[in-house]
Every structure is written in C-alpha cells, then in structure tokens.
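Chemist: By my numbering, the letter at position 133 of the sequence shown is numbered 142, and the numbering carries on one by one without gaps. Think of the CB as a built atom: it goes at the ideal place given N, C-alpha and C, for glycine as much as any other residue. Quick one: structure below, then a few questions.
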Amino acid sequence: MSNVISVGMADLKTTKAPNILMTAGLGSCIGICVHDPIQKVGGMAHIMLPTAGSAPGGNPAKYADTAMDLLVAEILRLGASKSRLRAKMAGGAQMFSFPGKPPVLKIGDRNAEQVIVELKRLGIPLLVSDVGGSFGRTIHFDVGTGDLKVRTINHGEKVI
Numbered sequence: 010m011s012n013v014i015s016v017g018m019a020d021l022k023t024t025k026a027p028n029i030l031m032t033a034g035l036g037s038c039i040g041i042c043v044h045d046p047i048q049k050v051g052g053m054a055h056i057m058l059p060t061a062g063s064a065p066g067g068n069p070a071k072y073a074d075t076a077m078d079l080l081v082a083e084i085l086r087l088g089a090s091k092s093r094l095r096a097k098m099a100g101g102a103q104m105f106s107f108p109g110k111p112p113v114l115k116i117g118d119r120n121a122e123q124v125i126v127e128l129k130r131l132g133i134p135l136l137v138s139d140v141g142g143s144f145g146r147t148i149h150f151d152v153g154t155g156d157l158k159v160r161t162i163n164h165g166e167k168v169i
C-alpha cells in the first residue's frame, strides 16, 4: 500500500516505491521529480527561485541551483544509479501579469530554465515537462512507475 508524502514549498523529499510524492500550490515554483526506474526510488523538490545568488547558507531546497545536487545525492543514497536517473517537471507559471514590466519578474520561466541547466549539468535527461501558462498546479509523482499526475484548476488532470 502506498503512502502519499507531502513536499512543502522550498522542500524536498525522497522515497521508494510504492510511495507517492505530492506537492500543491505550484505557481511560478517548479516541482522537479527525479527517479531511477529500475530501483524504483525517486524524489521531488518544490523549487521557489532559480539561484541562491547572494543568499548562500539559506535553505538549499528553495533554489534550483542548490536543490538539484541535494535531491540527486538523497536519491543515490536510496540505491539509485546516477546513469539511470530520469526527470519530469511541472509548474513555472506566470501567475501575475504586469504589462510593460521587464522579464526579470518572469520567475516561472527563469525557474524552469534553471532546472533545465542543472539537469544538463548533472547529465539527467528531462523526459517531459508541463510548465508555463497562468495557472497553478498540484502534482503527484509515483516513484514506482515514474508517472507524474498534474492537476490544474479549470484545465483538468493529466498524467505525463
């Protein structure tokens, strides 16, 4: 029987099958899910910002550039093989629009771009993503199957 393990904002968790990882309230944040399909272990991070920048020493799960290393290390500790790791992500919405404002405020886009940079650096393929738009998401990641269920208000539910 599977347990649903909740991942909060600026948080990350790892687990083994048959457990499911869940996070709610992904607006501009990214839910990045990484797993080893053979060992059936994986993890999820709820990333709020692209880089730690001038805030080193804070919560590493909050930033794409620091969360990814920590997430991968925790998954490897559960018995995963780095060469088998695969990723899926969702979120990165533009929740608020400010006409005429510079793109620096496009946190969702910047978060998604930074996660892709980190995955490439780590040599982990991104199999699929559901990012962008102007709506929030709740995701459930089954580390046993690798299925990522994405639920959105007014946009339904899908498995990627």
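Buried or exposed, going by whether 16 or more other CB atoms sit within 10 Å of the CB of R146?
Modeler: Taking the first residue of the sequence shown as 1, we reach residue 146 at position 137. Per the 10 Å Cβ criterion, buried.
Chemist: Which runs of the beta strand (DSSP E) fall wholly inside the stretch 45 to 133 and span at least 3 residues, in chain order?
Modeler: 50 to 56, 95 to 100
Chemist: Identify whether M10 lies in helix, strand or coil by the three-state DSSP scheme.
Modeler: Numbered from its first residue, the sequence shown carries residue 10 at position 1. Three-state result, M10: coil.
Chemist: Drop a sphere of 10 angstroms on the beta-carbon of E83, count the other beta-carbons inside from all chains shown, and report buried for 16 or more, exposed for fewer.
Modeler: In the sequence shown, residue 83 corresponds to position 74, counting from 1. Label assigned to E83: buried.
Chemist: Rank G17, L157, N120 by C-alpha distance to the C-alpha of A61 and give the top, closest one.
Modeler: In the sequence shown, residue 61 corresponds to position 52, counting from 1. For A61, the nearest C-alpha among the options comes from N120.
Chemist: So the candidates are V124, V126, G117; which of them puts its Cα closest to the Cα of G34?
Modeler: Translated into the one-based positions of the sequence shown, residue 34 becomes position 25. Answer by Cα proximity: G117.
Chemist: Going by other Cβ atoms of all chains shown within 10 Å of its Cβ, with 16 needed for buried, is E127 buried or exposed?
Modeler: In the sequence shown, counting from the first residue as 1, residue 127 sits at position 118. That one is buried.
Chemist: Between the C-alpha atoms of L94 and I29, what's the straight-line distance to the nearest angstrom?
Modeler: Here the question's residue 94 lines up with position 85 in the sequence shown. Here the question's residue 29 lines up with position 20 in the sequence shown. The straight-line gap from Cα to Cα measures roughly 17 Å.
Chemist: Apart from the five residues on each side of it in sequence, which residues of its chain come closer than 6 Å, Cβ to Cβ, to A96?
Modeler: If you number the sequence shown from 1, residue 96 lands on position 87. Around A96: V43, L128, I133, L135.
Chemist: Between N68, G36, K91, G51, which lies nearest to L157 when the distance is taken from Cα to Cα?
Modeler: Position 148 of the sequence shown, counting from 1, holds the residue named residue 157. When each option's Cα is compared against that of L157, the closest is G51.
Chemist: Where do the N-terminal and C-terminal ends of the beta strand (DSSP E) with V159 fall, by residue?
Modeler: Walking along the sequence shown from the start, residue 159 turns up at place 150. Note, V159: beta strand (DSSP E), 157 to 161.
Chemist: Is the separation between the beta-carbon of F150 and that of M53 shorter than 8 Å?
Modeler: Counted from its first residue, the sequence shown places residue 150 at position 141. Counted from its first residue, the sequence shown places residue 53 at position 44. Contact: yes.
Chemist: Let me make sure I understand the geometry here. Which of M98, V137, P69, E122 has the alpha-carbon closest to that of I148?
Modeler: Counting from one through the sequence shown, the residue named residue 148 turns up at place 139. Shortest Cα-Cα distance from I148 to any of M98, V137, P69, E122 involves M98.
Chemist: Can you list, in chain order, the residues of its chain with a C-beta nearer than 7 Å to that of G142? Leave out the 5 residues immediately preceding and following it.
Modeler: Within the sequence shown, the letter at position 133 stands for residue 142. Excluding sequence neighbours, G142 sits near A102.
Chemist: Answer yes or no: do G155 and P46 have a C-beta to C-beta separation smaller than 8 Å?
Modeler: Your numbering for residue 155 matches position 146 in the sequence shown. Your numbering for residue 46 matches position 37 in the sequence shown. Contact: yes.
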